[in-house]
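Number of protein chains: 2
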Amino acid sequence: MAPPWVKKLTPSGPQGSELLEQERAQSNVPVKKLSEFLFSKQVLERQGRLLDILKAEKVFNKSQNYFDGREARFQTALARAKRMRQLAVQHRWSQDEYMMASELISEPGPYGLHASMFLITLRDQGTPEQHELFLKKAENYEFIGCYAQTELGHGSNVRGLETTATWNADDKTFTLHSPHLTASKWWIGSMGRTANHAVVMAQLMIDGKSYGPHPFVVQIRDMKTHEPLENIHVGDIGPKFGYNTMDNGFLLLNHVKVPHAHMLAKFSSVDPKTNKYVKPASASLVYGTLTWVRSTIVLQSGGVLARGVTIAIRYAAIRRQFQDRDAKESDVGENQVLNYTMVQVRLLPLLAATFALHFTGRGMMALYQENQRKMAGDVGKVAHTGRGPSPEELFPSTDLLADLHSTSCGLKALASTTAAEGLEVCRRACGGHGYSSFSGIGSWYADYLPTTTWEGDNYMLTQQVARYLLKSARSVLKGNLSENDTTRILRTFLSRRDIGAAFDVLGRDEDIVAAFAWRASFLTFEALKHRDEEKNSWNSLLVDFWRLSTAHSQYLIVKNFHEALQSESMQSELGAETTTLMHKLFRLFALHTLEREASEFFSSGAVTVRQIQLARTKAVMKLLEEIRPHSVSLVDAWHFPDWVLDSSLGRHDGKVYEDLFERASELNPLNALTIDPYPNSEVLIKKDEREKFRSKL
Amino acid sequence: MAPPWVKKLTPSGPQGSELLEQERAQSNVPVKKLSEFLFSKQVLERQGRLLDILKAEKVFNKSQNYFDGREARFQTALARAKRMRQLAVQHRWSQDEYMMASELISEPGPYGLHASMFLITLRDQGTPEQHELFLKKAENYEFIGCYAQTELGHGSNVRGLETTATWNADDKTFTLHSPHLTASKWWIGSMGRTANHAVVMAQLMIDGKSYGPHPFVVQIRDMKTHEPLENIHVGDIGPKFGYNTMDNGFLLLNHVKVPHAHMLAKFSSVDPKTNKYVKPASASLVYGTLTWVRSTIVLQSGGVLARGVTIAIRYAAIRRQFQDRDAKESDVGENQVLNYTMVQVRLLPLLAATFALHFTGRGMMALYQENQRKMAGDVGKVAHTGRGPSPEELFPSTDLLADLHSTSCGLKALASTTAAEGLEVCRRACGGHGYSSFSGIGSWYADYLPTTTWEGDNYMLTQQVARYLLKSARSVLKGNLSENDTTRILRTFLSRRDIGAAFDVLGRDEDIVAAFAWRASFLTFEALKHRDEEKNSWNSLLVDFWRLSTAHSQYLIVKNFHEALQSESMQSELGAETTTLMHKLFRLFALHTLEREASEFFSSGAVTVRQIQLARTKAVMKLLEEIRPHSVSLVDAWHFPDWVLDSSLGRHDGKVYEDLFERASELNPLNALTIDPYPNSEVLIKKDEREKFRSKL
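Chains A and B, in that order, give the protein sequences.
Just so you know, we're using numbering that gives the first Met the number 0 here: the first sequence kicks off at 0 and counts up by one.
Just so you know, we're using numbering that gives the first Met the number 0 here: the second sequence kicks off at 0 and counts up by one.
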């Protein structure tokens, strides 16, 4: 599109590439070693191998992603999903490889819920006979399915579901039915246009009595025509803030009969002879699965945030604006935006948070697997099989599980909120260009946002944490001796409560961790007093519980980050200098958090007002200054290929302006429309060259 | 699309309409009176009249807005812009009426920058001869224009612009040129596809010397073919996070000549005889215009936020989830989400903020107009003419202007940040359905976001405020007697600094205002110490300055809200009970803010730790309980027509689930595509009935 004289233009100097080179030259961070420390050589090698395969396929070309509307994006996503499946078969990808390829493509696809929840549910909740009936066809993509739980009027409260599955004793079938509009299944991923089957969660009714929600396999579309079957109304629920490559769907059932075998019966069933309900093997099953899912969200949150931080920090090193106000007259050039403390204070604590979340996710997963080992005596099975865990793997003893459950709830809420809100901070820190789709942050943020709601709404989850902490506090007060980290910090607090704390948070890293533990413990006993002594209503304490959960989860993150720094492998693999830098990131994350939550730290007596002032005006500002020269190298270590970031602002080579211009001028289909601008003309479009434009792409 | 059995389904009870009726019945807020108090009868009448006109026109039908992709949305927006102009001519709309009609349509349109900045700049910066040449044709929509200032590499720092306009003494012309890629004009509203002319800001060069940025009128497209002229490369910059109905554009100029008359010459010019620069009449001009623009942003922020609050509060009254944990066994129904304190604490302070911002915007505008009066002796001209202010109207004395400038900077930053972030809080408070486009919040949020960047980036602006406050503090310390609100609070602080404060923030409203003034003054003198005594660099203090500006602006909002409560008109128009409720909203806003910023209030000595704890655990919780029964009536008073909200969740009649379902099932074009879901099939789409679907709409 651009005439020849345009093609000769370059950005005014210094060039983005020069600025990033300069940034990389001034830091001695061993980027490659740090990447390997974070991800392992094996994973990085796999990433490179899969990336080459995907980039070679035309269907994965991303150039129109930001331009296409919903219908076009969905069609492309479908084509990609098909091709991905073909490649998986062709290259015999493991589940891990398939997941990594999906991550590289970075868009939710129409097979998303088939490949996860549908297959897992059939496998884990189906009997061997049902595996024959359903699972084999599903693994072979004859049955393409989804998992239909949420309803139009019912989200988190699963017991409130309205869809019924009524046992017909006469012909040994179930009738599935949606009694009201609010019973419509809603938000069901892969259901809108793609699935031909669904696992439907419905209230099991036998002889007029309800036995609670159970899973049923229901065919929803014809295997040949792919049209909805009779008495089934199914479709896509419409556009969303993000996630528009996925066909989240709705489903209404009008007295639809399914055979007895369609109720997944591994744990509970209806005996067709007696017409009686057979009780489930264990009620804790879902508890375990959800813990695993939440732990995964924690594990991913660091990387999710790191994409935004990578883009924002690279661009802040390239973007220059104004001169330093105290600069000499002779300094004529504009200042890199990354040099301004107001930009540093927004981005560098988030950079620190990416590492904090990464190490916490690792810690969380290790805890989970340790429990699995203890329970099953079956070392590392989950980690190595490359598939989701089976029920046996997910069933540790209830005591340990309660602690793990609480930890996973609190950290899921805090980690996903931190990542989501951090991404928006990164986008805004990019100034005006952050608002362009080409920044790559907006769509990533919008696609990530539902994570704060699904697998437990982040606000709801904090009640689970509070309930657990109150229970632990009661047990400690009663002199119960059971020991885990929670009871340990509560006992420490009790033993020193009257003496007071005197943590040297500016001097000793251990004392920072102790101060976070102290504040969380203080809030626990405060909440306990409100509930047990003052007899306040549960509802009146929800805000306190949310604060308590946040405080405890912040403690866990600080503790996990600190523990990671103590590992021998860090020192030996990264060397002393980089370990010192990691310590600085730890302190920046912790002290910045402490300062933001100052009033709780102060009123709990964990620190003095003077310490908070010093943390803010001295310690944090000094850490920003010390970390700033390494910030580009540190985000480089997160090792995002440009193809994955798909961002003009975050390019590894710094060619920000060239890329913004190229996309606007050469790839933008709107520019193939010539309009008639005059208000009294009925003509809107004088010339439409979009077909020609698209054929050239 | 839905079969007959679906059409018989209703939501399970209680119905949304019943729940909202119940909410409205339990509050004695005189909704109509409150609306009239907020907006005036005249404005409400105008709104109704214009709404009827717009709703009668098919082109303004909104039903496909959430579904259409960018190209379709832009085309619809163009058709709407044309029709709006026709209606304005036909009905002889005033500027106020045209603006209100645009607000009702609620989408940025392709004439947006023509109707505002292009016309204003021509009028205010053009000579009478230039009005003949350009303005008349522009007012008549023969010239359709835009205002081209920002460049690809240059945002806030106008002096850094690269585009040049070189005076040619020989033929008395200017040559406009883009020397680098980074000189490309960028983000220019209405330029991408629509404008045929632009006011281009370019560095005026005479005889090798630069005289800074000046405005030039440049034709960019052919008046008949609408194709770009030679040596001009212009187009749309591509999709954005929001604002996609607007064609923000780019522009590169390759040695383009324009006649002498094309430099807008009201304030400065080039004398074609002497070839010398003629100096501007006043340097403060832009200063004044920007103050007016920022005041408008403050004025609008309350209403912007109120849209999200209206949607979220209505839906929270309808959505029910779980039972209260302390509820009796016999209570079987689920609880309205609005009854949970964790929801209240997120939504009700924002409800209070809508009023706080509204009254502050009113106060800000009054202050602006009072200054105008004082300066021009020309009462209320700006308010009544229904057009933008002229330069004369915008030029009060520099002393008053400095205070007004600082106030407008600080409040613009805080008000637009509060509105933008508040909208996202509202969206999340709607749970899963908040993520659906049909919530109506996501797109409104995305379209509003650039307000935090344009007319001064919200972070950059805080430096202006800090600079002014430091200057005022120095002047007070020197014993300068000039009196305005800023020097008054600084003097009060100094006079009592050693005695200490003892504000009864929980008991007396005046003391709340005084505590906010105290904290802002404390931070001012702290910052002054860091800068003047400790000689810290400007850059190292940017974070302190941002905090200071925020603190001062929060004080201004609290003060303005409090002053509005003292007005006689409120008591007489709304009655005692509603005035009491307004006082509660004031206290909720102020104490919730105080509690969030607790550490600054405490370390400044404005309040005690005990007061903060009481504010949180007692006062705020009690206010939530007292305001909750009136919350639906209070948002009703904001008086948003359903047509404007365009939200399933925010419907006045409460038919939330019916509307979500209708849009998904009957209006969603994706459901007119039947796909082939099998991975090994090359076919993507088996049946495409979208044409048929659209023809039925």
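A virtual CB, placed ideally from N, CA and C, is assigned to each residue, including glycine.
D235 of chain A belongs to the set of residues whose beta carbon lies under 7 Å from a beta carbon in chain B. Contact note: L669 of chain B reaches chain A through R69, E70, F73, G191, R192, G234, D235, G237, P238 and D246, using a C-beta cutoff of 9 Å and chain order. One alpha carbon belongs to Q343 of chain B, the other to K239 of chain B, and they sit about 33 Å apart. Contact check between the stretch 512–532 of chain B and the stretch 548–564 of chain B: three or more CB pairs, one atom from each, fall below 8 Å, which counts as touching. Listed along the chain, the chain B residues whose CB falls inside 7 Å of the CB of S481 of chain A amount to none; the nearest CB is some 25 Å away. The beta carbon of A100 of chain A is closer than 8 Å to those of L49, I52, L53, M83, L86, A87 and W92 in its chain, skipping five residues each way along the sequence. Separation of D123 of chain B and K265 of chain B (C-alpha to C-alpha, rounded to the nearest whole angstrom) is 8 Å.
Here DSSP, grouped into helix, strand and coil, assigns H629 of chain B to helix.
Taking 8 Å as the upper bound for CB-CB distance, S603 of chain B and F521 of chain B are in contact here, some 4 Å apart. For Y447 of chain A, the enclosing alpha helix (DSSP H) has its first and last residue at I440 to Y447. For the C-beta of T181 of chain A, the chain B residues within less than 7 Å are, from N- to C-terminus, P10, S11 and Y656. Of all residues in the stretch 312–335 of chain B, only Q320, F321, D323, R324, D325 and E333 place a beta-carbon less than 7 Å from a beta-carbon of chain A.
Any Cβ of chain A closer than 7 Å to the Cβ of H176 of chain B would place that residue at the interface, and such an atom is absent. In the three-state reduction of the DSSP assignment, L580 of chain B falls in the helix class, which pools H, G and I.
Taking the C-beta atoms as reference points, R586 of chain B is found no nearer than 7 Å to A550 of chain B. Any Cβ of chain B closer than 7 Å to the Cβ of G362 of chain A would place that residue at the interface, and such an atom is absent.
Neighbours of E161 of chain A in chain B, taken as residues whose beta carbon is under 8 Å from its own, are S11 in chain order. The C-beta of M581 of chain A comes no closer than 7 Å to any C-beta of chain B. Among the residues facing chain A, P449 of chain B is included, as its CB has a counterpart in that chain under 7 Å away. Rounded to whole angstroms, G439 of chain A and L648 of chain A show a C-alpha spacing of 8 Å. Around the beta-carbon of K184 of chain A, 16 or more other beta-carbon atoms lie within 10 Å, marking it buried. Between I143 of chain B and chain A, the shortest Cβ-Cβ separation is below 7 Å. Within chain A, the residues D323, R324 and D325 have their CB atoms less than 8 Å from the CB of W537 of chain B, given in chain order. Annotation: the continuous beta strand (DSSP E) that includes N167 of chain B extends over T163 to N167. N156 of chain A counts as exposed, since fewer than 16 other C-beta atoms from the protein chains shown sit within 10 angstroms of its C-beta. Between the alpha carbons of G499 of chain B and S598 of chain A lies a distance of about 20 Å.
Residue-level contact check: M341 of chain A touches chain B, since one or more beta carbons of chain B fall below 7 Å from its beta carbon. Interface with chain A (7 Å Cβ-Cβ cutoff): P127 of chain B is excluded. Burial state of E226 of chain A is exposed, judged by a 10 Å Cβ sphere holding fewer than 16 other Cβ atoms.
Its chain contains F358 and G362 as the residues whose beta carbon lies nearer than 8 Å to that of E562 of chain A, once the 5 sequence neighbours on both sides are disregarded; these appear in chain order.
The beta carbon of H582 of chain B sits closer than 8 Å to those of D508 and L564, all from its chain and outside the five residues before and after it, given in chain order. Annotation: P212 of chain A has no Cβ neighbours in chain B at a cutoff of 7 Å; minimum Cβ distance is about 15 Å.
For N334 of chain A, the CB contacts under 8 Å within the same chain, skipping 5 residues up- and downstream, are R319, Q320, F321, Q322, D323 and A326 in chain order. Excluding sequence positions up to five before and after L505 of chain B, its CB lies within less than 7 Å of the CB of Q610, L613, A614 and A618, all in the same chain and listed in chain order. The CB of N195 of chain B comes closer than 8 Å to the CB of P676 in chain A, given here in chain order. Distance from M200 of chain B to A147 of chain B at the Cβ level is roughly 6 Å; contact confirmed, criterion being Cβ atoms closer than 8 Å.
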